[in-house]
């Protein structure tokens, strides 16, 4: 009777997830202790590929710094020094982890973190209109709908307001606008700062004055579109709320606590400065961004940004009540890109060799003349990447492709090697009078999955797959497996001990299915709770690693691992050989 009830309950899991493929995360957060030595072969190959890329003559003027960090510490760095320097002002000629670059729009992440700090302190609310904190915006002279634009909306690039007020004008960027068919214009009503006047810094009054003539691109919260003005406004909010200059607050609240000793909003000396020799003789090193500093004014190093990434990976879900900093706020263009607060998130199923499980990159990029940068955080791997470029902009994306793909594939392989040691095998009940057993296996394509589950003499999975798997024939009914998905929670959170997983019946892809897939086949609202038995989730499984046991609470049973799988033995042998 109990076995029949189990089969009935589990069938609801299968039906509820009938079109769900490759759940994520697939494994607990990996640790990368002792510098992550398992990643060293991937880093060595990566260095060879980067050297080949950087050897091209078009990158003679280009320096760059790359660093990979884990939650535990930096794992690898690579620095390339330009072969050509400005003779009169070379700056640093041997680039290392202390070499300073302008990080441009990565600054927006620091501005948003400062806003989150003030929200958490109760000094502002993310959901208040911005005009609550910048009183000038209450004037009837503005056409932008400030009463509907909140702090959260600004930080999420959802305000719908224009991108710039004193940059990006073809009048300043193109020698002869008439060559583009543009008519002659008067400059009388244009700004008198930044690129309109030899990069003189714009001040608060000029900024707010220029906003009076701006009109929205979209209604607030309608559609994300990139805007530097959002973060210039947030900088003013911070100054009004804290009573401090923006640069002083960022120094006090972020740089100092994180020991980012080489980061600054004022121009550093040339001692560690990366000063690329640009073809037009101009880089952005000495430009004072004035009121625009909150959108792109920070100078930093690969070492300091690794410190920031480690902090962010550790605190993204605890910075402020109700805020997970890594979650997207809206979609951008296409299927794979999303705007966060203020992150630009990329999600792809093309990167893994043995699975189409999506991998998420939480990123922020930046660019100023001569300086191009990107940070990326991979929550499920506990890893982060910094790439800083001084010189030619077109090298940034090839570097990002090389580093991100190599790192993820290596980390994925290592994660499954570790999983093969810690989880798979045959489990038998501690009570010898029960005809119950559980066999777990791992693979990159199926994750940690249940191969067999016998409960009181009943083959639960066979009954489940034969009775409740969708499809009209036996072959279709076999394209399913019972995968365990980590919740990243513990029965004892303080220890932490008692690793909680949930079982999910997962569809398996086939060539035929992919060729004849329906429009809605990828639709999968997450639902991992499953049915209950006597108030206990049927699909809950708890691993007690220190005891070598697995607990199935709904079955009121604990089982001990009595044998290893072959893969587990092989991987254990390999790991011992590596010691």
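In mature numbering (1 follows the signal peptide of the UniProt record, and there is no 0), the protein residues as written are -18 to -1, 1 to 561. Glycine included, each C-beta is placed from N, C-alpha and C at the ideal position. The structure presented is a predicted model; accordingly, all values stated were derived computationally and were not measured.
The closest CA to that of residue 328, considering only 418, 521, 357, is found on 357.
For residue 133, no beta strand (DSSP E) run applies; the uninterrupted alpha helix (DSSP H) run containing it begins and ends at 133 to 137, by DSSP. Excluding sequence positions up to five before and after residue 428, its CB lies within less than 8 Å of the CB of 463, 465, 488, 490, all in the same chain and listed in chain order. Rounded to whole angstroms, the gap between the alpha carbons of residue 351 and residue 257 is 11 Å. Taken in chain order, the unbroken stretches of alpha helix (DSSP H) that lie wholly in the region 479 to 539 and span 4 residues or more are 493 to 497. Taking C-beta separations shorter than 7 Å and ignoring five residues to either side along the sequence, the partners of residue 271 in its chain run 183, 278, 279, following chain order.
By the neighbour-count criterion, in which a residue is buried when 16 or more other Cβ atoms sit within 10 angstroms of its Cβ, residue 115 is buried. Under DSSP, residue 474 forms a beta bridge with 479.
Taking C-beta atoms as the reference points, residue 378 and residue 31 fail to come closer than 8 Å. When the alpha-carbon of residue 7 is set against those of 368, 346, 339, 506, the nearest one is in 339. Leaving aside the five residues that flank residue 348 on each side, the residues in its chain whose CB is nearer than 6 Å to its CB run, in chain order, 85, 86, 87, 88, 355.
One thing to note: residue 240 has its Cβ no nearer than 8 Å to the Cβ of residue 97. According to the DSSP assignment, residue 347 belongs to the beta strand (DSSP E) that extends over 341 to 350.
Under the three-state reduction of DSSP output, residue 206 falls in the coil class, being neither helix nor strand.
In the structure shown, the three-state DSSP call for residue 26 is helix. For residue 357, the three-state secondary structure derived from DSSP is strand. Between the alpha carbons of residue 135 and residue 197 lies a gap of roughly 17 Å. Taking the C-beta atoms as reference points, residue 209 is found nearer than 8 Å to residue 145. Residue pairing for residue 431: DSSP places it in a beta bridge opposite 423, 465.
Annotation: residue 323 to residue 444 spans about 46 Å, alpha carbon to alpha carbon. When DSSP states are grouped into helix, strand and coil, residue 334 belongs to the coil group. Residue 188 counts as buried, since no fewer than 16 other beta carbons sit within 10 angstroms of its beta carbon.
A residue is called buried once 16 or more other Cβ atoms fall within 10 Å of its Cβ, and residue 424 is buried on that count.
In the structure shown, residue 320 falls within a strand segment according to DSSP collapsed to helix, strand and coil. For residue 265, the number of other beta carbons within 10 angstroms of its own is at least 16, and it is reported as buried. If you draw a 10 Å sphere on the C-beta of residue 133, you find 16 or more other C-beta atoms in it, and that means buried. For residue 49, the three-state secondary structure derived from DSSP is strand. Here residue 43 is near residue 374, since their CB atoms are less than 8 Å apart.
Per DSSP, residue 293 is not a residue of any beta strand (DSSP E); the alpha helix (DSSP H) it occupies stretches across 284 to 297. A residue is called buried once 16 or more other Cβ atoms fall within 10 Å of its Cβ, and residue 306, having fewer, is exposed. Between residue 376 and residue 35, the alpha-carbon positions lie close to 11 Å from each other.
Sequence-distant Cβ neighbours of residue 371 in its own chain, meaning closer than 8 Å and more than five residues away, are 44, 45, 46, 83, 353, 354, 355, 377, 378, 381.
By the C-beta density criterion, residue 522 is buried, having at least 16 other C-beta atoms within 10 angstroms. Partner residues in a beta bridge of residue 277, as assigned by DSSP, do not exist.
Of all alpha-carbon atoms in 290, 91, 421, 65, the one lying nearest the alpha-carbon of residue 39 is that of 65. Within the region 71 to 116, complete beta strand (DSSP E) segments of at least 3 residues are not found at all.
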